[in-house]
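> Each residue of the sequence shown is one higher than the last, beginning at 6 in our numbering.
Sharing a structure here in C-alpha cells format.
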Amino acid sequence: MVRLPLSPAELERGRRLGALLRRARGERSILDVALDAGVSPETLRKIETGRIATPSFATIAAVASVVRLSLDALWDEVRPEAERVAPDRATHPVHEESPRR
Numbered sequence: 006m007v008r009l010p011l012s013p014a015e016l017e018r019g020r021r022l023g024a025l026l027r028r029a030r031g032e033r034s035i036l037d038v039a040l041d042a043g044v045s046p047e048t049l050r051k052i053e054t055g056r057i058a059t060p061s062f063a064t065i066a067a068v069a070s071v072v073r074l075s076l077d078a079l080w081d082e083v084r085p086e087a088e089r090v091a092p093d094r095a096t097h098p099v100h101e102e103s104p105r106r
C-alpha cells in the first residue's frame, strides 16, 4: 500500500503536537516518559521533533496520560486553524421554533 505524502497542514499539526508534548514532558527524560507510556524512546523523540507527524491515537493517548495532558487540551492546541477560530455553538443560542397551530 502506497502512503500519500502529508499535506503542509498535517505537517504543521504534527509540529504543534510534538512541541506540546515536549513542553508537557518538562524535566522528565524522553526515556522515562516513553517507557511509562509503552512506546520506544525513538518514537517519542520523532513525535516531539515532528518527524512522525501523524502518530497513532493510542500512542498519543498513552503519552498524554503519562505527562498529565488531557486529550481535550491536546486537541485544542493541535486542531486545524479553521476549527480553532470557528464560533462555539454554545455561544450562539438555538432558537426554538414557535409552536404550530
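Even for Gly, the Cβ is constructed at its ideal location relative to N, Cα and C.
All figures in this text were calculated on a predicted structure; none of them were measured in a lab.
Measuring only from the beta carbon, is A24 closer than 8 Å to any heavy atom that is part of the ligand SAM?
Ligands in the displayed structure: none, and consequently the ligand SAM is not present.
> Is the region 29 to 41 touching the region 55 to 62, taking contact as three or more C-beta pairs under 8 Å?
With the cut-off at 8 Å, the region 29 to 41 and the region 55 to 62 do not touch.
> Less than 9 Å separating the beta-carbons of L40 and V68?
No. Outside cutoff.
> How about L5 and L76: are their beta carbons less than 9 Å apart?
There is simply no residue 5 to check, as the chain begins at 6 and stops at 106 in what is shown.
> Buried or exposed for R18, going by 16 or more other Cβ atoms inside 10 Å?
Buried, because 16 or more other Cβ atoms sit within 10 Å of the Cβ of R18.
> Distance, Cα to Cα, G43 vs V72?
Looking at the two C-alpha atoms, the distance is approximately 13 Å.
> Measuring only the C-alpha atoms, how far is G23 from T54?
In a straight line, the C-alpha of G23 is about 6 Å away from that of T54.
> With burial defined as no fewer than 16 other Cβ atoms inside 10 Å of the residue's Cβ, what is the status of V7: buried or exposed?
Per the 10 Å Cβ criterion, exposed.
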